[in-house]
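Residue numbers (the numbering used here): 14 to 510.
From the three backbone atoms N, C-alpha and C, an ideal C-beta is built for every residue, glycine too.
Predicted model, so just to flag it, every value in this text is computed and none were measured.
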């Protein structure tokens with residue numbers, strides 16, 4: 014009897030997680046994971062590096078201890094269970110860490126000042142009016158316009174898909190959109206609010222209006238339960254060694270035969286292997302795929318394409334041209350992170366907060382920044398401050414045209430104005446992620462439904478990525494679980510072909 018052959022294209026968190034789940038469900042299968050780049054992890058990776066400090070004589074002196082850098086995501090939501098299940102199944106539960114309680118708030122830039130999101134503010138609306146009325150983030154006319162939300166009727170249940178900008182202007186006004194909604198949502202989706210589908214990207218906002226009629230009334234109900242402002246930082250978790258530990262443990266477990274936490278045959282893991290196309294193949298009464306790579310052709314009964322939708326579109330066109338068209342219609346934008354370190358004493362104003370976001374109306378290059386050593390304990394040596402700055406996204410599409418040196422200069426100049434920093438950083442690292450952030454435009458839910466229908470019509474094919482059903486780590490883990498369940502249930506008996 015022939016062995017079931019599975020090929021996973023893409024070695025990011027989605028590809029590795031689906032291989033991990035498939036190995037448990039099909040322990041006798043032969044699983045090969047192909048990754049074009051020289052490292053595993055895709056957009057998720059951590060590194061440990063040592064910063065240097067220039068002395069008066071111009072020599073370099075090492076800072077005692079290492080800095081833990083996150084180049085992609087640095088946390089995930091505990092409330093979405095698939096992420097926590099993967100952590101537990103990998104034996105990493107004892108490495109979980111939460112954001113520091115003192116830093117569980119976010120800030121918004123106005124001019125060169127940073128102001129906290131008022132207590133009781135939830136998603137887009139104030140749940141407590143007194144702290145919000147005292148905040149300088151919105152003008153008095155803007156605040157009065159936001160209060161009209163309290164008496165506006167709810168939207169019709171059968172109304173068409175609505176953009177974030179349309180919803181916020183309708184309920185809270187233009188200033189609330191520019192000063193609050195755009196930067197707060199932009200910190201997650203790096204999206205253009207005029208195009209971003211509320212139903213696809215933030216369905217909880219639409220549910221707030223459906224359930225409470227008013228966004229402010231819904232926020233007030235939520236504020237009674239959780240007083241933290243801005244993002245729900247208390248619900249976020251990471252790992253002591255960084256989220257790259259997920260990738261390390263997955264690779265370790267997939268490489269071991271019949272050992273450790275996982276079960277089943279060892280997987281074949283290939284770095285530096287580019288897939289150029291995927292074709293259907295039908296020997297006898299069976300069916301399967303040919304996977305063309307720069308190192309030869311591989312035959313498989315099951316193929317999983319784990320990565321951006323535009324990559325899946327190019328690879329899957331020979332399999333289903335209509336599917337490829339739908340995949341190719343999902344837009345992506347570039348982003349980059351810039352990790353910078355300073356002596357803490359060099360920063361005149363370092364807020365006790367997780368970070369801040371920058372409204373597009375400010376006209377700055379940075380769209381957000383996080384204070385790593387404030388957010389998580391144990392990431393930097395004593396006396397060092399580590400800041401992650403973010404550039405790019407839908408409203409800053411040309412950011413990655415700058416070279417690394419220019420991006421560092423921009424980050425240093427703008428952070429210097431906001432935080433009162435006059436000295437150069439001890440350390441700077443730029444991580445570029447071109448075409449990495451999917452845009453959940455109006456009509457996204459219908460497009461994804463069409464993609465999933467075409468996917469199910471091709472036996473043995475699965476698609477996983479941040480372009481479909483959520484951009485966070487738990488969302489990708491949930492897709493991996495669902496794909497493994499479906500593929501294992503439909504897997505033909507080995508040797509049937």
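ask   = If we count the other Cβ atoms within 10 Å of its Cβ and call it buried at 16 or more, is residue 514 buried or exposed?
value = Lying outside 14 to 510, the shown extent of the chain, residue 514 is not represented and no answer is given.
ask   = Taking buried to mean at least 16 other C-beta atoms within 10 Å of its own C-beta, is residue 28 buried or exposed?
value = buried
request  = Only counting runs of 4 or more residues, tell me where the alpha helix (DSSP H) segments fall wholly within the segment 285-331, in order along the chain.
outcome  = 322-329
ask   = Taking contact to mean at least 3 C-beta pairs separated by less than 8 angstroms, is the segment 424-441 in contact with the segment 218-227?
value = no
ask   = Taking Cβ to Cβ, would you say residue 360 is nearer than 8 angstroms to residue 58?
value = no
Buried versus exposed, by CB contacts within 10 Å (16 or more), residue 267 = buried
inquiry  = Checking the sheet assignment: what are the DSSP bridge partners for residue 16?
reply    = Looking at the DSSP assignment, residue 16 forms no beta bridge with any residue, so it has no partner.
message = What would DSSP say about residue 230, mapped onto helix, strand or coil?
response = helix
inquiry  = Quick check on residue 211: does DSSP put it in helix, strand or coil?
reply    = helix
inquiry  = Less than 8 angstroms between the C-beta atoms of residue 487 and residue 90, yes or no?
reply    = yes
query = So does the segment 368-377 actually touch the segment 111-127, counting three or more Cβ pairs closer than 8 angstroms?
reply = yes
message = By the three-class DSSP mapping on this structure, what secondary structure does residue 181 have?
response = helix
request  = Spatial neighbours of residue 278 within its chain, please: CB distance less than 8 angstroms, with the 5 preceding and 5 following residues excluded, ordered by chain position.
outcome  = 36, 40, 41, 42, 43, 44, 270 and 271
query = Once you ignore the five residues that flank residue 289 on each side, which residues in its own chain have a CB closer than 6 angstroms to its CB?
reply = 305
query = Are residue 476 and residue 213 closer than 8 angstroms when you measure CB to CB?
reply = no
query = For the putative contact between residue 31 and residue 316, defined by C-beta atoms under 8 angstroms, what is the C-beta separation to the nearest angstrom?
reply = Contact flag wrong, Cβ pair sits at about 11 angstroms.
Limits of the unbroken beta strand (DSSP E) element including residue 488 = Note, residue 488: premise wrong, no beta strand (DSSP E); alpha helix (DSSP H) at 486-503.
query = Are residue 367 and residue 388 close, meaning C-beta to C-beta below 8 angstroms?
reply = yes
ask   = What span of residues does the beta strand (DSSP E) with residue 59 cover, start to end?
value = 59-62
task = State buried or exposed for residue 242, treating a residue as buried only when at least 16 other CB atoms are found within 10 Å of its CB.
result = Any answer about residue 242 is weak, because its pLDDT of 49 lies below 50 and its placement is not dependable; what the coordinates show is given next. By the neighbour-count rule (16 or more Cβ atoms within 10 Å), residue 242 is buried.
request  = Would you kindly work out how many angstroms separate the C-alpha atoms of residue 390 and residue 483, rounded to a whole number?
outcome  = 28 angstroms
query = Quick one: is residue 101 buried, meaning 16 or more other Cβ sit within 10 Å of its Cβ, or exposed?
reply = exposed
key: Beta-carbon proximity of residue 514 to residue 47, cut-off 8 angstroms   = Residue 514 lies beyond the residue range present for the chain, which begins at 14 and ends at 510; the question has no answer from this structure.
ask   = Between which two residues does the beta strand (DSSP E) carrying residue 384 extend?
value = 379-384
key: beta strand (DSSP E) runs contained entirely in the segment 441-491, provided each spans 3 or more residues   = 474-477
ask   = Between residue 324 and residue 474, is the Cβ-Cβ spacing less than 8 angstroms?
value = no
query = Relative to the alpha-carbon of residue 356, which residue among 440, 201 and 26 has its alpha-carbon at the smallest distance?
reply = 440
ask   = Whose C-alpha, out of 78, 17 and 22, is nearest the C-alpha of residue 394?
value = 78
inquiry  = Checking 8 angstroms against the spacing of the C-beta atoms, do residue 481 and residue 202 come in under that value?
reply    = no
inquiry  = Let me check one thing: in DSSP terms, what residues is residue 346 bridge-paired to?
reply    = 450
Through-space distance from residue 408 to residue 534, alpha-carbon basis = The chain is shown only over 14 to 510; residue 534 falls outside these bounds and no answer can be derived.
query = What residue from 234, 228 and 338 has the CA that sits closest to residue 467's CA?
reply = 338
message = Taking the alpha carbon of residue 135 as the reference point, which residue from 231, 106 and 186 has its own alpha carbon closest?
response = 231
inquiry  = In whole angstroms, give me the CA-to-CA distance for residue 52 and residue 284.
reply    = 7 angstroms
query = Under the rule that 16 or more other beta-carbon atoms within 10 Å means buried, what is residue 96, buried or exposed?
reply = buried
request  = Kindly indicate which three-state DSSP category residue 517 falls into: helix, strand or coil?
outcome  = Residue numbering for the chain in the displayed model covers 14 to 510; residue 517 lies beyond these limits and cannot be assessed.
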